[in-house]
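The listed protein sequences correspond, in order, to chains A and B. Under this note's numbering, the residues of the first sequence are numbered 111 to 801, in order. Under this note's numbering, the residues of the second sequence are numbered 62 to 359, in order. The structure appears right after this line, and notes come after that.
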Amino acid sequence: MFTSFLYPAFLLAGLAAAIPLILHLIQRLRVVRLPFSTIRFLELAKRKAARRTKIENMLLLFLRMFVILLIAAAFAMPMLRTRSLSALLRNSDRDIAIVIDGSYSMQYQVGAVTAWDRAVEAAEAVMDGLGGGDRVCVFVARDVPRPVIEQLSSDKVFALEQLRSVTPDATEARLGAAVAAARAALDRQSGNRERELHIITDGQEFAWSSFDPGAKSPAIGTFVTLTGVTAPENTAVSEVKLTPPLILPGMSPGVSVRLSNTGSPGGSPVALYIDGRETARRQSDLVDSRSGEIRFTVPPLDAGTHEARVELPADNLQADNVLHFLVRVRDNLSALCVGDKDSTFYLMRALNPAGGTGSGMQVKRLEAAGVANEDLAKYSCVFLCNALPLPGQAIVTLERYVEVGGLLIIFPGDAGGPADYRVWRCLPGMPSSIQDIPTVARRCILHWEKPQHPIVRSLKPRPGETPVATIRRSLRWKQLHEDASTIIAAGAGLPLLLQRRFGNGEVLMFSVSADRSWGALPLSPYFLPIVHQLVQHGMGMSGNEPYVWSTAELPLAAHLPAATRQSSLLNPAGKAVPIRANVVDGKAELRAEGLSVAGIYSFMQSPTAKPGPALAVNLDRKESNLAVIARDRILALVRNKDARIARTVSGLRQLLVEHRVGRTFGEQLLWLALLVAVAEVVYANRKSGTT
Amino acid sequence: MPEGIAAFLTPEELHKLGHLTLMSRYVVEGNLAGAHRSAQRGASSEFADHRAYIHGDDPKNIDWKVLGRTDRYYVKRYQDETNLRVYLVLDRSASMKYGSGDITKFQYASRLAAALGYVVVKARDSVGLFLCSDKIDAAIQAGNTFLHLNNMLKHVQETEPASTTEIGRTLNQIAESIRKRALIVILSDLFGAPEELDLALAHFRKRRHDVIVLHVLDPAELELPFKTGVKFVDMETDETIVVDPRSLARSYREVFGGFMDRCRKACAEMNIDYRLARTDRSFEDFIREYLEQRRSHH
Numbered sequence: 111m112f113t114s115f116l117y118p119a120f121l122l123a124g125l126a127a128a129i130p131l132i133l134h135l136i137q138r139l140r141v142v143r144l145p146f147s148t149i150r151f152l153e154l155a156k157r158k159a160a161r162r163t164k165i166e167n168m169l170l171l172f173l174r175m176f177v178i179l180l181i182a183a184a185f186a187m188p189m190l191r192t193r194s195l196s197a198l199l200r201n202s203d204r205d206i207a208i209v210i211d212g213s214y215s216m217q218y219q220v221g222a223v224t225a226w227d228r229a230v231e232a233a234e235a236v237m238d239g240l241g242g243g244d245r246v247c248v249f250v251a252r253d254v255p256r257p258v259i260e261q262l263s264s265d266k267v268f269a270l271e272q273l274r275s276v277t278p279d280a281t282e283a284r285l286g287a288a289v290a291a292a293r294a295a296l297d298r299q300s301g302n303r304e305r306e307l308h309i310i311t312d313g314q315e316f317a318w319s320s321f322d323p324g325a326k327s328p329a330i331g332t333f334v335t336l337t338g339v340t341a342p343e344n345t346a347v348s349e350v351k352l353t354p355p356l357i358l359p360g361m362s363p364g365v366s367v368r369l370s371n372t373g374s375p376g377g378s379p380v381a382l383y384i385d386g387r388e389t390a391r392r393q394s395d396l397v398d399s400r401s402g403e404i405r406f407t408v409p410p411l412d413a414g415t416h417e418a419r420v421e422l423p424a425d426n427l428q429a430d431n432v433l434h435f436l437v438r439v440r441d442n443l444s445a446l447c448v449g450d451k452d453s454t455f456y457l458m459r460a461l462n463p464a465g466g467t468g469s470g471m472q473v474k475r476l477e478a479a480g481v482a483n484e485d486l487a488k489y490s491c492v493f494l495c496n497a498l499p500l501p502g503q504a505i506v507t508l509e510r511y512v513e514v515g516g517l518l519i520i521f522p523g524d525a526g527g528p529a530d531y532r533v534w535r536c537l538p539g540m541p542s543s544i545q546d547i548p549t550v551a552r553r554c555i556l557h558w559e560k561p562q563h564p565i566v567r568s569l570k571p572r573p574g575e576t577p578v579a580t581i582r583r584s585l586r587w588k589q590l591h592e593d594a595s596t597i598i599a600a601g602a603g604l605p606l607l608l609q610r611r612f613g614n615g616e617v618l619m620f621s622v623s624a625d626r627s628w629g630a631l632p633l634s635p636y637f638l639p640i641v642h643q644l645v646q647h648g649m650g651m652s653g654n655e656p657y658v659w660s661t662a663e664l665p666l667a668a669h670l671p672a673a674t675r676q677s678s679l680l681n682p683a684g685k686a687v688p689i690r691a692n693v694v695d696g697k698a699e700l701r702a703e704g705l706s707v708a709g710i711y712s713f714m715q716s717p718t719a720k721p722g723p724a725l726a727v728n729l730d731r732k733e734s735n736l737a738v739i740a741r742d743r744i745l746a747l748v749r750n751k752d753a754r755i756a757r758t759v760s761g762l763r764q765l766l767v768e769h770r771v772g773r774t775f776g777e778q779l780l781w782l783a784l785l786v787a788v789a790e791v792v793y794a795n796r797k798s799g800t801t
Numbered sequence: 062m063p064e065g066i067a068a069f070l071t072p073e074e075l076h077k078l079g080h081l082t083l084m085s086r087y088v089v090e091g092n093l094a095g096a097h098r099s100a101q102r103g104a105s106s107e108f109a110d111h112r113a114y115i116h117g118d119d120p121k122n123i124d125w126k127v128l129g130r131t132d133r134y135y136v137k138r139y140q141d142e143t144n145l146r147v148y149l150v151l152d153r154s155a156s157m158k159y160g161s162g163d164i165t166k167f168q169y170a171s172r173l174a175a176a177l178g179y180v181v182v183k184a185r186d187s188v189g190l191f192l193c194s195d196k197i198d199a200a201i202q203a204g205n206t207f208l209h210l211n212n213m214l215k216h217v218q219e220t221e222p223a224s225t226t227e228i229g230r231t232l233n234q235i236a237e238s239i240r241k242r243a244l245i246v247i248l249s250d251l252f253g254a255p256e257e258l259d260l261a262l263a264h265f266r267k268r269r270h271d272v273i274v275l276h277v278l279d280p281a282e283l284e285l286p287f288k289t290g291v292k293f294v295d296m297e298t299d300e301t302i303v304v305d306p307r308s309l310a311r312s313y314r315e316v317f318g319g320f321m322d323r324c325r326k327a328c329a330e331m332n333i334d335y336r337l338a339r340t341d342r343s344f345e346d347f348i349r350e351y352l353e354q355r356r357s358h359h
């Protein structure tokens with residue numbers, strides 16, 4: 111600690127401490143002459159009290175001089191500084207790094223003022239009073255730190271302008287990364303300068319969850335300003351689920367809405383809007399004060415993509431009161447069969463037993479050579495019927511189709527041998543051989559190895575009936591992929607239907623052909639329902655998430671597989687979202703960038719196409735939990751026990767004054783002077799023996 | 062300008078003093094305290110008068126005839142019985158000239174002497190006077206008339222305090238000069254050599270004199286109440302000393318208190334009645350209180 115004086119000129123008044131001494135000396139010279147009866151006793155008393163009198167007089171003199179010195183020092187306003195003497199001697203210029211929480215929780219509003227407004231005010235307070243030699247850098251903490259002023263700059267006016275132009279983003283805040291960037295900016299500068307680090311946030315715990323303290327930096331004065339309220343209250347729509355995932359015309363899907371709450375529990379009305387019209391309204395019931403769930407039933411909708419949203423009444427943080435989503439109603443199911451006419455005959459019949467287009471199932475047959483050029487995205491599933499071997503490009507296309515969420519069902523055949531499967535990456539297992547089954551063993555009982563699997567869940571044998579199939583030839587596997595599983599087994603240990611997830615999609619592999627060359631499965635009463643379930647299963651998997659969280663970039667293949675370089679994506683404000691093409695693992699990949707605005711995004715396949723709702727983007731709800739971080743935890747995270755924490759801007763100003771200017775203890779000195787003066791009076795009176 | 066008694070006592074004061082008596086504690090001529098009876102037994106002393114009986118009087122002296130006539134007790138007094146000789150020793154050294162208030166010590170002591178003299182003469186006893194400083198400045202033999210007292214007090218009135226104090230030596234001389242037993246009243250500030258004073262007092266007691274010491278002091282001498290620095294000038298020697306009375310007060314009081322204790326103790330050891338007579342106290346109150354106390358102790 112070091113002490114300096116705010117008004118050192120007053121120290122000259124300390125010279126007045128010589129007045130008691132001078133008076134003391136003058137007093138000796140000027141006395142009253144007084145005749146007295148006898149001086150004998152005075153002489154005796156003087157001799158007796160000589161030593162004591164001298165000490166008492168000196169003590170009184172000292173007290174009087176001390177009082178004057180204390181008063182002079184008090185008026186000189188000594189300042190107690192919190193930085194080291196050596197640092198003071200070196201340089202008094204400062205480098206200041208400011209990190210502001212830029213998450214959407216900073217939009218929490220009380221009255222007309224948000225936590226962000228107070229944060230900007232706090233940043234202004236930090237920059238107030240900085241001298242010409244002081245420098246400042248500013249970072250906004252988001253999911254990725256955003257530098258406002260990255261290099262330390264002495265242009266504080268510019269820094270303030272830049273800061274005022276920033277607004278909280280629809281993201282979470284990762285204070286740790288921003289603080290690390292700020293510290294790095296401070297560390298890059300050489301020279302012996304004072305350093306300050308200011309973290310301005312609303313005090314929400316989540317922003318600190320990723321905080322990595324890093325190395326201790328005791329030389330940096332650390333200030334944390336909490337601009338949020340101490341007991342925030344917020345209710346948010348945190349999740350929406352549609353059931354079933356595959357919706358067809360005439361179905362009444364269910365919408366499950368999950369609510370999260372901070373603060374005192376209460377009920378809020380929750381409204382469901384479909385295509386801009388309020389469809390239903392329910393009162394929420396937050397059972398444990400932190401979460402609650404409401405279920406709506408949506409009336410049957412026409413085929414198409416419907417904009418929907420769930421909405422809460424306005425509260426202090428409005429950014430999370432609405433959750434947008436899309437309800438996709440399929441007009442029909444689509445499937446692609448790859449293979450020659452004979453190989454696909456039974457499958458095509460099973461998929462569309464009545465023929466025509468009235469069944470709701472659209473089936474297309476394609477020769478193997480045409481796979482590479484086919485747009486597979488529009489099919490809920492792709493069947494390969496004795497289609498192997500396939501050209502390499504076709505395999506690539508199919509694997510990509512599965513990766514982005516498609517369902518591939520493979521029926522083997524005589525056209526391909528085990529070697530033709532080895533180039534595949536997505537199979538549940540590499541067949542080791544094709545085996546003929548002896549006649550006595552050809553009649554196989556079918557077992558549902560996973561009875562709850564969506565494919566077989568609804569296939570319940572009639573009482574007394576045992577599902578059987580005649581199998582003459584089948585694929586054999588020595589070892590399956592570690593992610594593979596058997597859904598249906600035939601006989602003892604013979605997998606009939608294998609499954610493996612690959613990327614976002616699945617690969618299902620039969621061990622028998624789709625025609626009668628390997629068995630009588632196509633003639634089995636279960637063939638048709640199994641095949642239908644396969645198609646529906648595929649529909650349920652294909653990229654139909656009702657919404658996504660806001661993100662800096664989004665791969666379009668999974669969400670908008672139809673997107674091309676000529677496609678456009680418009681945000682809710684109608685502004686085009688950049689779409690970039692990146693090459694990943696040798697494959698071109700389209701990504702949309704800057705999906706930060708919540709709402710329904712429209713997609714145009716081509717410049718001339720009509721835009722339609724294609725993507726629902728919402729703020730990630732992590733920031734909606736406004737639980738407040740404890741003060742001790744902040745100190746532990748910043749790893750600086752001298753860090754200061756302010757809850758108001760005025761409190762911050764006070765801390766800054768104490769840190770930069772120092773703390774005056776003039777008042778304390780005046781009190782001490784008063785005590786010493788009282789002591790002097792009491793002692794002097796006692797000494798003279800008068801009251 | 063009034064002279065003599067009138068210079069020191071107002072008629073009212075005289076009236077109040079008329080009821081008081083000064084008793085000797087010892088047998089002047091061999092009698093017990095309270096009775097001024099002659100020590101010479103059997104000597105034919107001429108009847109002088111009656112006086113009222115007081116507790117302690119020898120019943121043999123009660124005049125029964127007067128009792129029969131008046132129903133009151135009276136004792137006969139003879140010439141020898143009434144002949145209490147009181148000698149007032151008045152210190153006239155320069156230190157007695159000090160006074161911080163309206164009255165100096167010498168003036169106060171003079172008034173005390175006047176009051177005591179009046180009480181003695183009123184009781185038809187004899188009173189004499191010694192004025193002393195560094196020597197016996199005046200010696201007036203005892204007499205029992207008011208005229209005598211008046212002349213004596215005129216002498217006092219004309220005396221100015223001066224010279225130094227040799228109280229011990231002069232008291233010794235006085236003791237030597239008084240042959241017959243008497244009551245010696247010393248009115249002084251006793252600022253002499255303590256050992257000499259002790260010897261002088263012992264000399265008085267050895268000669269069987271009854272001694273009263275009225276220690277006349279000014280309150281300023283007792284308390285040293287001065288606030289500012291003072292250059293004190295000794296009124297007897299003109300020596301000076303510069304002190305800060307405020308810082309010295311406590312030590313001074315200790316020293317002066319020790320001096321007074323010494324005087325008191327020395328008197329007590331010799332059975333000498335010692336009283337402090339502060340000049341800020343009404344002398345009338347002092348005299349009355351003292352004489353009544355003295356009488357009650359007899």
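Built from N, CA and C at the ideal position, the CB exists for glycine as well.
State buried or exposed for residue i, treating a residue as buried only when at least 16 other CB atoms are found within 10 Å of its CB.
i: B:D279; result: buried
i: B:F108; result: exposed
i: A:Q778; result: exposed
i: A:T345; result: buried
i: B:R102; result: Only weak support exists for where B:R102 lies, its pLDDT of 46 falling under 50; the value from the coordinates is given anyway. Flag for B:R102 reads exposed.
i: A:Q609; result: buried
i: B:F317; result: buried
i: A:F249; result: buried
i: A:S543; result: exposed
i: B:W125; result: exposed
So, using beta-carbon positions, are residue i and residue j closer together than 8 Å?
i: B:I201; j: B:T231; result: no
i: A:V367; j: A:I384; result: no
i: B:A175; j: B:I273; result: no
i: B:I333; j: B:R266; result: yes
i: A:V617; j: A:L537; result: yes
i: A:G722; j: A:S712; result: yes
Mind reading off the beta-carbon distance from residue i to residue j? Whole number of angstroms is fine, and I expect it under 8 Å.
i: A:F406; j: A:G377; result: At roughly 16 Å, the Cβ-Cβ gap does not stay under 8 Å, so A:F406 and A:G377 are not in contact.
i: B:I228; j: B:H270; result: Actually they do not touch by this definition, with Cβ atoms about 16 Å apart.
i: A:Y636; j: A:L556; result: 7 Å
i: A:E148; j: B:F252; result: A small correction: the amino acid at residue 148 of chain A is Thr; Glu does not occupy that position in the sequence shown. Indeed they touch by this definition, with Cβ atoms about 5 Å apart.
i: A:N371; j: A:V220; result: At roughly 18 Å, the Cβ-Cβ gap does not stay under 8 Å, so A:N371 and A:V220 are not in contact.
i: A:A235; j: A:L762; result: 5 Å
Based on the DSSP output, what are the partners of residue i in its beta bridges?
i: B:K166; result: According to DSSP, B:K166 bridges with nothing at all.
i: A:N371; result: A:T345
i: B:M331; result: The partner list for B:M331 (beta bridge, DSSP) is empty, contrary to what the question assumes.
i: A:S712; result: A:L680 and A:P723
i: A:L518; result: A:V492 and A:V617
Inset, instruction - For the segment 132 to 161 of chain B, enumerate the residues whose C-beta is nearer than 7 Å to any C-beta of chain A, in chain order. - result: Those would be S156 and Y159, in chain order.
Legend entry - Residues of the segment 148 to 170 of chain A whose Cβ lies closer than 8 Å to any Cβ of chain B, in chain order: Taking 8 Å as the Cβ-Cβ cut-off against chain B, the residues of the segment 148 to 170 of chain A that qualify are T148, I149, R150, F151, L152, E153, L154, A155, K156, K158, A159, R162, T163, E166 and N167.
Inset, instruction - Could you please tell me which residues of the segment 266 to 284 of chain B, in chain order, have their CB closer than 9 Å to any CB of chain A? - result: Per Cβ criterion, the list reads L278, D279, A281, E282 and E284.
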